[in-house]
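Encoded as C-alpha cells, the structure appears first; notes follow it.
Protein chains: 6
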Amino acid sequence: MYLPLFILSLLVSLYPASAGDFCVADLNLPDGPAGYSCKSPAKVTADDFVYHGLAAAGNTSNLIKAAVTPAFSAQFPGVNGLGISIARLDIAVGGVIPMHTHPGGSEILVVIQGQICAGFVSSANSVYIKTLNRGDVMVFPQGLLHFQINSGKSPAIAFVSFSDPSPGLQITDFALFANSLPTEIVTTTTFLDKATVKKLKGVLGGTN
Amino acid sequence: MYLPLFILSLLVSLYPASAGDFCVADLNLPDGPAGYSCKSPAKVTADDFVYHGLAAAGNTSNLIKAAVTPAFSAQFPGVNGLGISIARLDIAVGGVIPMHTHPGGSEILVVIQGQICAGFVSSANSVYIKTLNRGDVMVFPQGLLHFQINSGKSPAIAFVSFSDPSPGLQITDFALFANSLPTEIVTTTTFLDKATVKKLKGVLGGTN
Amino acid sequence: MYLPLFILSLLVSLYPASAGDFCVADLNLPDGPAGYSCKSPAKVTADDFVYHGLAAAGNTSNLIKAAVTPAFSAQFPGVNGLGISIARLDIAVGGVIPMHTHPGGSEILVVIQGQICAGFVSSANSVYIKTLNRGDVMVFPQGLLHFQINSGKSPAIAFVSFSDPSPGLQITDFALFANSLPTEIVTTTTFLDKATVKKLKGVLGGTN
Amino acid sequence: MYLPLFILSLLVSLYPASAGDFCVADLNLPDGPAGYSCKSPAKVTADDFVYHGLAAAGNTSNLIKAAVTPAFSAQFPGVNGLGISIARLDIAVGGVIPMHTHPGGSEILVVIQGQICAGFVSSANSVYIKTLNRGDVMVFPQGLLHFQINSGKSPAIAFVSFSDPSPGLQITDFALFANSLPTEIVTTTTFLDKATVKKLKGVLGGTN
Amino acid sequence: MYLPLFILSLLVSLYPASAGDFCVADLNLPDGPAGYSCKSPAKVTADDFVYHGLAAAGNTSNLIKAAVTPAFSAQFPGVNGLGISIARLDIAVGGVIPMHTHPGGSEILVVIQGQICAGFVSSANSVYIKTLNRGDVMVFPQGLLHFQINSGKSPAIAFVSFSDPSPGLQITDFALFANSLPTEIVTTTTFLDKATVKKLKGVLGGTN
Amino acid sequence: MYLPLFILSLLVSLYPASAGDFCVADLNLPDGPAGYSCKSPAKVTADDFVYHGLAAAGNTSNLIKAAVTPAFSAQFPGVNGLGISIARLDIAVGGVIPMHTHPGGSEILVVIQGQICAGFVSSANSVYIKTLNRGDVMVFPQGLLHFQINSGKSPAIAFVSFSDPSPGLQITDFALFANSLPTEIVTTTTFLDKATVKKLKGVLGGTN
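Protein chains in written order, with full-length UniProt numbering: chain A, 1 to 208; chain B, 1 to 208; chain C, 1 to 208; chain D, 1 to 208; chain E, 1 to 208; chain F, 1 to 208.
Below is the structure:
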C-alpha cells in the first residue's frame, strides 16, 4: 500500500512552513509583550536551536568569585516564545550568587559539580535552605528572593532553567547600590544607615 | 412578538448556573495552582463580590508610619480566578512603604490624597522615580523592586490594583532580617556587614 | 568585603537592558495579539510609567451625566503587556454608566467619593447588585453585563482597574443603536419593537 | 533489534498514568478557576471523550424558532481543561439566536445546512455582518455582542466551537428582562422606556 | 430620556477603534510568539471574519483517499489571536487521516456525514477509540497521537476545531519518511528495519 | 531608625502564609486542569523543593541502552504550578532515546557528559539535527517529534528541562506497538505492513 509522492504532497501543501511550531527571535525586529518577532522560517536552521555559550566556564576571577552565563532569548534566539531558557552558574570556592529575583519566571537548578548551599524566602518571610550536592535539584518559585553559595571545597557548577525565555535577573544589591537611586531613598526604603549605603554605592559604582 | 416563558426557558435550561463566569473562593477547600476552589454558585450572593475592608484607613501608628491593607483572594474571595485584586495604602507624613516586590503580578497605583514619591528599579538596574499627586497613576512592572514614600506634608492615600488575585508581597527587609535566615548567609549574599545585619535582625525580630 | 566596580560589572554585562521587564507601547509600530510592539528600552523614562490624565474630572455635562476616562494601552502606553489598566468614573447626581461589558478583562471598582449602586448579571441571568459607599470595593467578572448608577445626592467618583491593558468597552445601547446595524436585525435579535429601535437610533445617531 | 518487554517497561514505569494529558471533569468534586477537578485517569474510558448529545436536532418549536445545544464541560466532561468546546445551533425558518455574548471565549461557526445571516459589533460599535451558506465559516471575537438569523427558506444548522471549555452564554434580553433586575435599573441603564421593559419582563418571566 | 448625539459621542471618543477586540493577521508583517501582527482596524471588514474555503470538498483522489483543508491563521487571518481555528476533513470510502499530532492545541471533531472510527493514544500508552456517526463529537487532547478512519460505506465529512489559531499538524509518517532524516537515524529511533524505512522513504519522497 | 517588632508585625499580619508563592502538590487530593491541589503551606519545608532522584544514573542495562528519569510533579511535587520541571537522560554507548514528543511543553537540553546527536522534525517536515558535546544546549519546540542518540564512545548524560511541571512523554513506538491498538488500525494509519506491526507488538508487549 504505497502512496505516490506527487499525490500525497497535496495533503500538506496548504500548510505554511512551520508556522506556530517555533519563533526564533529576530533581534533586529521590534519585540512585543510575548517576546521578539520571528525570524523567517525559511532562514531557520538547526544552528538556531543550539547554543554553545554555556560550554565554557564563566569567569569567576572577581570578588564574588562567581559568574552567571545566560542563554535567554537575547543570547539564544531559539528559545524565544518557547517558555523556557537556561543559564550556567560557576561559583568558585568561597563564591556566591548574591540575593536576587527573576521577575518573570520560576527556576530549577541542578548541581553538576561541587556543593551549593541554596535557599529562598517566601512572601510570608519563611526561609527554605538546603545544601545540594552533585545531581541534586532545587526549584525556586517565581519572583522570590533566593541565593546560591558554594559551600564546598571545590568549584561548583550548576545549570538553572527558567519557565520563561527572558526571565530577567534583579540582584538586590545592584538594584539598590549600583545606580543613581538617591541615597536618601535607599535609606528610607531599606532601614539601612547612610554610611552603609554610601559605602556600598562606592563599591558598586552607584551615584547620588 | 412575545415569547411564552415556559417555552423560552427551554433554551437555557441546559446551562449550569454561572459555570465559568466566576469562582468565589471557598477558603475551606483545597487550593490549586490557579487559585482556590469555588464556592457553590448556588450560595454566592452579591455580598461575595463586595469588600468593605478598604473603607477605613489602615493603622499608621508604627515607625514606618504606613499601612498596606490588601483585598486579595484570602481577604476578598470574590476576586479568586478573576486576574485582579486591590489594596489600600495609607502613608502618614514621613511614612514609607519599604522596598518590596510582588512576585505574582504587576501593580497600578492611583493617588487619592496627598503626595507620594514612588519608583522602581529594572533588571538593568535603571531607576524610574516620579513624584505623584492626587489623581496621578503609576504602573510597576511585575516582580521588580519598588517603593512608595509620602513626600508631602499631609497623610497620603493610594489604591493599588494588581494583575493577579493573589500577587504576594515580599518586603526586602523583612525577607532578609525578620526571620531565621542565618546572619552569615545574609552577609554573604548582600555584602552587608555583620553588625548591620545583627542590628536589623534585632529590630525586625529575626534570629540566627 | 567590597567588590571593585570594573570586575562586578562583568557579571551583568551579558544582560540586555530590561528585556522582558516591561514593554512600553510604541503606538507607531504594528500591534499583535498580545499587545503593541515595545518602545526601545533605551528611550523609556519614568514618564512612560506615569499618567496624569485621570487627575481631572471627566466632563459629565451630558445627558447620562457621567464620564469614563480610560488609562488603557492606547492612552497610557506604559501598561502595555503588564496585564493591568485603570479608568476613572465620574458620575454626576442622577448620572449613570449604562449597561456594558468589557470583552477582555475583569474589573475591580473602588468608590472614592459619593454613593454608587452597581451590579452585574451572570450567564445564568442571576442579578448581583449592591449600593457602595466611599472606600467600598466591588469586582465584576470578565465579559458580563454590568452598570454603575449614582445613587447618592452628590457627585460620585470611582476608579476601576482591569485585568487587561486593553480590556475594551462595549456599551449595549451604543452597540445596538449608535451604528449602521439595520433596524430589522435589531428588532429580530432583541425582541424590541421597531418604533423603540428607530427612536433610540435617532437619539444615538444610528442609521438604517 | 528487539526489546524484551520486561526490560523496556522500566523506561516508562515512573510515569503516572496520563498525568497532564487530559482532565476529564468529575462534576462531583469542587471546581476551581481553571475548571473542574479531574476524574481519576484509571476510570477514564473512550466514552469520556465522545458526546452524542449534538446528533439530534434541538427543539425549535418555540417563538424564537431556534435552539442552542451546548457540549461544554458541564455537559461533556471530556473537554474540561482542553481549551475547546462545541455547540449545535438549530434555527428554523424565521428563527433567530438573539443578540448575546460569550464572556469566556471566541467562537467559530460553520454552516452545515441552510443559510444564516450572522454578525457582531465591536467595542468601537462597528458592525460586521455576513450572509453565510453551507460550508461557510465565521469567527466571532471573544466577548462581543453577536447574533445568528436564519435568512434562508429552510431550517439552518450550524456547529459553533469555542476557545474555552466553559465559555458561558449571556443572551442580552434574558440578562435584562428574564430576572429580578428592577425595572427602574433597566430603564436607567438602557434608555428603554418603562412600558417596553415591563412588557418584555412579562414575556420573559422577569419580576420587579 | 434621550441623549443628543453630539454629547453622547464624547463618552466614547477616547476609545481607539476596536483595540484589543480582534487582531486580523497581516501576513506581510512579522509574526511573533503570540501570532501575526494585526491588520489596521480601519481596513478590517466583515469579509476578514468569514472563510469560504471549507465549503467545497477536499480532493480525496489520492491513495489515502482523504483530505485535510485547514482554516488556520495562515489561510483565515481573522482567527489570528482568537485562540480558535477550524479545518474540514473529507475521507472517502476506505480513506484515512494517518496517525498525527497537533503540537499546539486540542481538537474537537464533529461528524457531518458518514461514519468515522477515531482514536488517540495517551502518554501512558492507553488507547481511546470510538466509532462515530453523524452528529457525534469527539475531543482529542493536545499533542497526543490520533487518527481518523472512514469506517462506513459512504464518504465521510467532519469539521475539526482547535484551541489555537495555528495548531500545527505533524503526520508521523511524513515526519519520519518524507524528508531528509537519515535512514540510520530513523531505524535507530523507531526500531523499524532499514528495508521498511527505505521503502516508505521511497513512497513518500524522503531522501538519505 | 528602628522598628519595634510588635508594631511592624501588624503590617504583614493580614497576609496568609505564602498564598500564591508556590503550590507543592498534595498527590492525595484531586488534581485539576492547572495541576495538583496544594499541600498546606504550614506543612511545607525546604525538603519539598529539593529532589535527590536525579543524582544517580538511570539503569541503562536494557536494549535501548538508555534511561529517562523524570522530576515532574508526580515525582517532585515542589514543581507543581511553577511552569517548570526537569529530567535526567542517561544514554550508554550505542544507546538511544527513541523518537518521542512531550504534549505539554518545550524542552531544553544541556549535555553534561559525552556526545549526543539530537534532532527534531517540524510540522513542515523539516529536519533539525545537531551533534552536541559537553556543555552544548539544544531546545526542542513543544509537541514536535524528537530524539537523542549517544553518538560518542562513552556514556552520555544530559539534563532536560521543560516549560511545564507535567509535560508528558509519548514515545511513538510505545504508543503504536506497546498496547492494545489493533494491528489493522496501526497498519492503516501508519502505512507499515502487518508483519512489521506484529513483530514490534511482539517485542513491545502489544496485543491485538
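Each residue gets a CB set at the ideal place from its N, CA and C atoms; glycine is no exception.
Only a predicted model underlies this, so the values are computations on that prediction, with no experimental measurement involved.
Item	Value
Cβ of S37(C) within 8 angstroms of any chain A Cβ	yes
With 16 other Cβ atoms within 10 Å as the buried cut-off, status of N125(A)	buried
CB contact below 8 angstroms: D47(C) versus chain A	no
Inter-residue CB distance, P33(E) and A56(A) (contact presumed, cutoff 8 angstroms)	The Cβ separation is near 29 angstroms, so there is no contact.
Three or more C-beta pairs below 8 angstroms linking the stretch 176 to 185 of chain A and the stretch 106 to 117 of chain A	no
Beta-carbon proximity of V101(A) to Q115(A), cut-off 8 angstroms	The amino acid at residue 101(A) is misidentified as Val; the sequence shows Thr. Cβ atoms of T101(A) and Q115(A): not closer than 8 angstroms.
Residue range of the beta strand (DSSP E) that includes D90(D)	S85 to I91
C-alpha gap between L54(D) and I157(D), whole angstroms	11 angstroms
Given 8 angstroms, three or more beta-carbon pairs between the stretch 63 to 70 of chain D and the stretch 64 to 75 of chain F	no
Of the listed residues S37(F), D26(F), S85(F) and L144(F), nearest to V160(F) (C-alpha basis)	S85(F)
Straight-line Cα distance separating M138(E) from N179(C)	40 angstroms
Any C-beta of chain E under 8 angstroms from that of A71(A)	no
Within 8 angstroms, strictly: CB atoms of V121(A) and A195(B)	no
Partners in chain A for N80(C), counting only beta-carbon separations shorter than 9 angstroms	G32 and P33
Any non-hydrogen atom of the ligand SAH closer than 7 angstroms to A74(E) Cβ	Questions concerning the ligand SAH fall outside what the structure shown contains, since it holds no ligand whatsoever.
Outcome for S61(E) when other beta-carbon atoms lying within 10 angstroms are tallied against a minimum of 16	exposed
C-alpha gap between H52(D) and P30(F), whole angstroms	27 angstroms
Reference F191(F), options T187(E), D47(E) and M99(E), closest by Cα	M99(E)
Local Cβ density within 10 Å of G58(E), reported as buried at 16 or more and exposed below that	buried
When A92(E), L169(E) and I91(E) are compared against P103(F), the one with the closest alpha-carbon	L169(E)
Within 8 angstroms, strictly: CB atoms of F162(F) and V96(F)	no
D47(F) burial status per 10 Å Cβ neighbour count (16 or more: buried)	exposed
C-beta atoms of N80(B) and V24(B) nearer than 8 angstroms	yes
Where L27(D) meets chain I, residues with beta-carbon distance less than 7 angstroms	In the displayed structure, chain I is absent; the protein chains listed are A, B, C, D, E and F.
Ordered list of beta strand (DSSP E) runs contained in the UniProt domain "Cupin type-1" (52 to 198) of chain D, each at least 3 residues	66 to 71, 85 to 91, 96 to 101, 107 to 113, 116 to 121, 127 to 132, 137 to 140, 146 to 150 and 156 to 162
Identity of the residue in I149(F), F76(F) and Y128(F) nearest D90(F) by Cα	I149(F)
Contacting positions in the stretch 130 to 151 of chain A - beta carbon closer than 9 angstroms to chain F	K130, L132, N133, R134, G135, D136, V137, M138, V139, F140, P141, Q142, G143 and L144
Whole-angstrom distance between T188(D) and G83(E), CA atom to CA atom	36 angstroms
Any C-beta of chain C under 8 angstroms from that of G104(A)	yes
Alpha carbon of D136(F) to alpha carbon of G143(E), nearest angstrom	27 angstroms
Same chain, Cβ closer than 6 angstroms to P167(B), five either side skipped, listed in chain order	H102, G104 and G105
Within 8 angstroms, strictly: CB atoms of G78(A) and F49(A)	yes
Pair within 8 angstroms by beta-carbon distance, A74(C) and L27(C)	yes
Residue from A42(F), P41(F) and F76(F) with nearest C-alpha to D164(F)	F76(F)
Local Cβ density within 10 Å of S154(A), reported as buried at 16 or more and exposed below that	exposed
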